[in-house]
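Accompanying notes for the structure given below.
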């Protein structure tokens, strides 16, 4: 018998890599590990009763319609609600240009499919959302990292990019937590317009502000030049995988065709349930409670960092969102320290995963974890960002935040002492 290899992978598949965050999350299933790693919303705040009641109404009022195929654009009443909500933030959006997606992650994939060619330049913040890098990478762009400060991307870096498009997260950025000021937004739009660089604005965290709402979206200032992505995952629930895009008219048709090819439509049952929950103003009551909880946990992490981090660590206290971004003393490799951190009972996300300069995902050799869990982590992918890490404060209570940060702080102090003796 002749043995043949039945499957040949496409060359583009070699560019696909596992999510470092998802690999780390496998470790944290054990309750013995304090996970400050994942960007998961707090599950105890999910509006279970409201979802249950909405599901019952959908099954009573339109059971067959909710179980049938549906329009690729999305459920019309939901699209109209989204357009009205965006209008309240200063965006002039026609519901006809709203596309409901299966999570905003699908929106990123559609952006890559429609806008990126092999070798085309895609500009991203440095650091940037790991999931966007994963979504764009199969389409073989050349990533260009844009220099940023505590207010976000520098306008002069954007102006010099000559990119096909620039991907930006102005509100409580993942992973840095930075909020782009109103003045910076004006400067960024002016720079993008002068350079002819359109923008993809991703806004999953904009409603999670603690002190004051963020300035108007970039899309409100340049409607024809900004493609806007939003999500219900952080304000409602992530499990229904419901996101949306508000696209300039010239892009909408191709994005819709790409969506049709991907999955025909986002599950209509989920869309109807979400609409039933939100149509009468539920989010105006629910989201403030989420904000209040997250603000308390932000404060708990701030105090823990002040108490336990060694000298030479730097961070900016986020004004919203879900994350602290730490820069550690030079010479510390957060990826290399992760196995020992996990052994001691705490997990974080090494910052190197969020930089486009890193060409591939790290090789993850197996390491032991408490209570038999296992995963593995190699050295940082890009040495220049090895001394960074991301901490999430929304899924653990104040006591566990305190304990987790104390464990990280002790490990960092021991590492610095060992470096002095070396």
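Residue numbers (full-length UniProt numbering): 1 to 422. Glycine is no exception: its CB is placed at the ideal position from the N, C-alpha and C atoms.
Any idea what DSSP makes of residue 225, helix, strand or coil?
Along the chain shown, read from residue 1 onward, the residue named residue 225 stands at position 225. Residue state, collapsed to three classes: helix.
Any idea what DSSP makes of residue 169, helix, strand or coil?
The count along the chain shown starts at 1 and reaches residue 169 at position 169. Three-state DSSP puts residue 169 in coil, outside helix and strand.
According to DSSP, is residue 207 helix, strand or coil?
For this step, residue 207 is matched to residue 207 along the chain shown. The answer is coil: DSSP assigns residue 207 none of H, G, I, E or B.
Starting from residue 235 and walking both ways along the beta strand (DSSP E), at which residues does that stretch end?
As a working mapping, residue 235 is identified with position 235 in the chain shown. Counting along the chain, residue 235 falls outside any beta strand (DSSP E), and DSSP gives it neither H nor E.
If you draw a straight line from the C-alpha of residue 413 to the C-alpha of residue 276, how long is it?
The sequence position of residue 413 within the chain shown is 413, counting from 1. The sequence position of residue 276 within the chain shown is 276, counting from 1. Distance between the alpha carbons of residue 413 and residue 276: 52 Å.
Continuous beta strand (DSSP E) assignments of at least 3 residues falling wholly in the stretch 127-185:
142-146, 165-168
Unbroken alpha helix (DSSP H) run spanning residue 391, endpoints:
In the chain shown, the residue the question calls residue 391 occupies position 391. Where residue 391 is concerned, there is no enclosing alpha helix (DSSP H), although the beta strand (DSSP E) it sits in stretches over 388-392.
Which residues in the same chain have their Cβ closer than 6 Å to the Cβ of residue 308, if we skip the five residues on either side of it in sequence?
For the purposes of this step, residue 308 is taken as the residue at position 308 of the chain shown. Closer than 6 Å at Cβ, skipping near neighbours: 405, 406, 409.
Can you tell me which of the three DSSP states residue 367 falls into?
Looking up residue 367 in the chain shown gives position 367. Its pLDDT being 41, under 50, residue 367 is placed unreliably in this model, and the coordinates cannot settle the point.
Anyone know if the C-beta pair for residue 165 and residue 133 falls short of 8 Å?
By 1-based counting over the chain shown, the position of residue 165 is 165. By 1-based counting over the chain shown, the position of residue 133 is 133. Not a contact, by the Cβ cut-off of 8 Å.
On the three-state DSSP scale, how would you describe residue 99?
Taking the first residue of the chain shown as 1, we reach residue 99 at position 99. In this structure, residue 99 counts as strand in the three-state DSSP scheme.
Below 8 Å, how does it come out for the stretch 39-53 and the stretch 250-257: are there three or more Cβ pairs, yes or no?
no
Is it true that the stretch 104-120 meets the stretch 244-251, where meeting means three or more beta-carbon pairs spaced less than 8 Å apart?
yes
Given a threshold of 16 other Cβ atoms within 10 Å of its Cβ, counted over all protein chains shown, does residue 265 qualify as buried or as exposed?
Within the chain shown, numbered from 1, the residue matching residue 265 stands at position 265. Buried, since its Cβ has 16 or more Cβ neighbours within 10 Å.
What three-state label does DSSP hand residue 120 in the structure shown?
Reading the chain shown from its first residue, position 120 is the one you call residue 120. Of the three classes helix, strand and coil, the one that applies to residue 120 here is coil, per DSSP.
Hey, how far is the Cα of residue 17 from the Cα of residue 351?
Looking up residue 17 in the chain shown gives position 17. Looking up residue 351 in the chain shown gives position 351. Taking the straight line from one Cα to the other gives about 16 Å.
Quick check: what's the CA-CA separation for residue 11 versus residue 138?
By 1-based counting over the chain shown, the position of residue 11 is 11. By 1-based counting over the chain shown, the position of residue 138 is 138. So the two alpha carbons sit approximately 9 Å from each other.
According to DSSP, residue 311 sits in a beta bridge with which residue or residues?
Taking the first residue of the chain shown as 1, we reach residue 311 at position 311. Per DSSP, none; premise fails for residue 311.
Pull up the distance between the alpha-carbon of residue 103 and that of residue 74, whole angstroms please.
Residue mapping note: residue 103 aligns to position 103 of the chain shown, counting from 1. Residue mapping note: residue 74 aligns to position 74 of the chain shown, counting from 1. Distance between the alpha carbons of residue 103 and residue 74 is about 12 Å.
Of the residues 416, 300, 289, the one placed nearest residue 311, counting alpha carbons only:
In the chain shown, the residue the question calls residue 311 occupies position 311. Among 416, 300, 289, the Cα nearest to that of residue 311 is on 416.
I'd like to know if residue 397 contacts chain D, where contact means its C-beta is closer than 8 Å to some C-beta of that chain.
This model lacks chain D altogether, as it is built from one protein chain only.
Taking the Cβ atom as the reference point for each residue, do residue 155 and residue 123 lie within a distance shorter than 8 Å?
By 1-based counting over the chain shown, the position of residue 155 is 155. By 1-based counting over the chain shown, the position of residue 123 is 123. Result no, Cβ atoms of residue 155 and residue 123 do not sit closer than 8 Å.
Can you confirm whether the stretch 226-236 touches the stretch 193-207 when touching is taken to mean that 3 or more C-beta pairs between the two stretches lie within less than 8 Å?
yes
What are the start and end residues of each continuous beta strand (DSSP E) run of 3 or more residues lying completely inside the stretch 286-363, in chain order?
323-327
Quick one: what's got a C-beta closer than 6 Å to residue 372's C-beta in the same chain, skipping five residues either side?
Along the chain shown, read from residue 1 onward, the residue named residue 372 stands at position 372. Because residue 372 carries a pLDDT of 37, less than 50, the predicted location of this residue cannot be relied on, and the following value inherits that uncertainty. Here the set comprises nothing.
Give me, in chain order, the residues of the same chain whose beta-carbon lies closer than 7 Å to that of residue 95; leave out the 5 immediate sequence neighbours on both sides.
Counting from 1 along the chain shown, the entry for residue 95 is found at position 95. So the qualifying residues of the chain are 79, 80, 83.
In whole angstroms, what separates the C-alpha of residue 267 from that of residue 72?
In the chain shown, residue 267 corresponds to position 267, counting from 1. In the chain shown, residue 72 corresponds to position 72, counting from 1. One C-alpha to the other measures close to 10 Å.
Can you list, in chain order, the residues of its chain with a C-beta nearer than 7 Å to that of residue 220? Leave out the 5 residues immediately preceding and following it.
Mapped onto the chain shown, residue 220 falls at position 220. Same-chain partners within the cutoff: 89, 90, 91.
In this structure, what does DSSP give as the bridge partners for residue 125?
Taking the first residue of the chain shown as 1, we reach residue 125 at position 125. Note: residue 125 sits in a beta bridge opposite 146.
Would you decide whether residue 383 is buried or exposed? Buried here means 16 or more other CB atoms lie within 10 Å of its CB.
On the chain shown, position 383 is the one that residue 383 refers to. Because the pLDDT of residue 383 is 48, which lies under 50, any placement of that residue in the model is unreliable, and the question is left without a value.
Is the stretch 180-194 touching the stretch 323-343, taking contact as three or more C-beta pairs under 8 Å?
no
Beta-carbon spacing of residue 290, residue 45 below 8 Å
Here residue 290 refers to the residue found at position 290 of the chain shown. Here residue 45 refers to the residue found at position 45 of the chain shown. Taking 8 Å as the Cβ cut-off, residue 290 and residue 45 qualify as a contacting pair.
Residues that DSSP places opposite residue 34 in a beta bridge
As a first step, residue 34 is located in the chain shown; it is residue number 34 there, counting from the start. The partner list for residue 34 (beta bridge, DSSP) reads 346.
Cutting at 6 Å between CB atoms, please list the residues of its own chain near residue 226, excluding the five before and the five after it.
Looking up residue 226 in the chain shown gives position 226. 199, 201, 218, 219, listed in sequence order.
Give the DSSP-derived three-state secondary structure of residue 230 in the structure shown.
Residue mapping note: residue 230 aligns to position 230 of the chain shown, counting from 1. In the structure shown, residue 230 sits in a strand (DSSP, three-state: E or B).
Can the beta-carbon of residue 143 be found closer than 8 Å to that of residue 298?
Here residue 143 corresponds to residue number 143 of the chain shown, with the count starting at 1. Here residue 298 corresponds to residue number 298 of the chain shown, with the count starting at 1. Not in contact: residue 143 and residue 298 (Cβ atoms no closer than 8 Å).
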